[in-house]
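Protein chains in written order, with our numbering: chain F, 100 to 211; chain Y, 4 to 117.
Below is one structure, written out as structure tokens, with a few remarks after it.
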Amino acid sequence: DAKTTQPNSMESNEEEPVHLPCNHSTISGTDYIHWYRQLPSQGPEYVIHGLTSNVNNRMASLAIAEDRKSSTLILHRATLRDAAVYYCILRTFSGNTGKLIFGQGTTLQVKP
Amino acid sequence: DARVTQTPRDKVTEMGQEVTMRCQPILGHNTVFWYRQTMKQGLELLAYFRNRAPLDDSGMPKDRFSAEMPDATLATLKIQPSEPRDSAVYFCASRFGTQNTEAFFGQGTRLTVV
Chain F
100 DAKTTQPNSM ESNEEEPVHL PCNHSTISGT DYIHWYRQLP SQGPEYVIHG
150 LTSNVNNRMA SLAIAEDRKS STLILHRATL RDAAVYYCIL RTFSGNTGKL
200 IFGQGTTLQV KP
Chain Y
4 DARVTQTPRD KVTEMGQEVT MRCQPILGHN TVFWYRQTMK QGLELLAYFR
54 NRAPLDDSGM PKDRFSAEMP DATLATLKIQ PSEPRDSAVY FCASRFGTQN
104 TEAFFGQGTR LTVV
């Protein structure tokens, strides 16, 4: 399975943008990039996903490098509620399996 | 408000006892995952099912763990006998289809084996 590399932790100030990086240099052509986050004492929740083009939704934006070897999750205005562990995951889609394999993620702290 | 429901939310048991965790996936979802989360190992995929058939349980200790889907509305994860090292939070997730649909996670079952 292709792996992802994320910083262990990041800090942000409230109401400022946050850019969470993810490296996935061994990504294959059919791997989608998914982001999930896990708030304290909660199960993970879906944030966004993409293949090649940048994506936007109500929660965040996903910027994907042209060579697809890295991506960045962008929270446009961080709130205290965005403090969570953010996971960048490659959706393994071989043999019709589609497993979600989580790494260690990035712990985001948001300061008031 | 559709959600994945896990029971019990918390379970404390003695070593050697059987533990059964239950998951009710979102109605209509045909893929169910079981994960275990510890501080040391993070989120580990134990097993997953599609249309009630096990597709992959390679992450699950075979000697003591078993996962089943008796019907489309219930998934179970059993540990027999339980050991202190099984203490963790166990999450169930469900998803519809095989395309890039999002997976929905339950609130988890916190298991403590003493």
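For glycine and all other residues, C-beta sits at the position ideal for the given N, C-alpha and C.
Annotation: D60/Y is outside any beta strand (DSSP E) and is labelled neither H nor E by DSSP. Collapsing the DSSP output to three states places P73/Y in a strand. Among the CB atoms of chain Y, one or more fall inside 8 Å of the CB of L199/F. With respect to the C-alpha of K65/Y, the residue from L46/Y, P73/Y, S85/Y and N54/Y having the closest C-alpha is S85/Y. For M24/Y, the enclosing beta strand (DSSP E) covers residues V22 to Q27. Among the residues of chain F, those whose CB is under 9 Å from the CB of G111/Y are S140, Q141 and G142, following chain order.
Put simply, the CB of R180/F is far from chain Y, with every gap to its CB atoms at 8 Å or more. I188/F and N156/F have their C-alpha atoms some 18 Å from each other.
The three-state reading of DSSP puts L150/F in coil, since its state is none of H, G, I, E or B. R39/Y counts as buried, since at least 16 other C-beta atoms from the protein chains shown sit within 10 angstroms of its C-beta. The continuous beta strand (DSSP E) containing P120/F extends over residues V117 to N122.
Cβ contact annotation for H123/F (same chain, cutoff 8 Å, sequence separation greater than five): A101, K102, T103, T104, D130, I132, R167, K168, S169, S170, C187 and L189, in chain order. Nearest CB-CB separation between Q203/F and chain Y: below the 8 Å threshold. Think of a sphere of 9 Å around the beta carbon of L48/Y: the chain F residues whose beta carbon falls inside it are K198, L199, I200 and F201, in chain order. The beta-bridge partner set that DSSP reports for T104/F consists of N122/F. Proximity of F108/Y to chain F, defined by a Cβ-Cβ separation below 8 Å, is satisfied.
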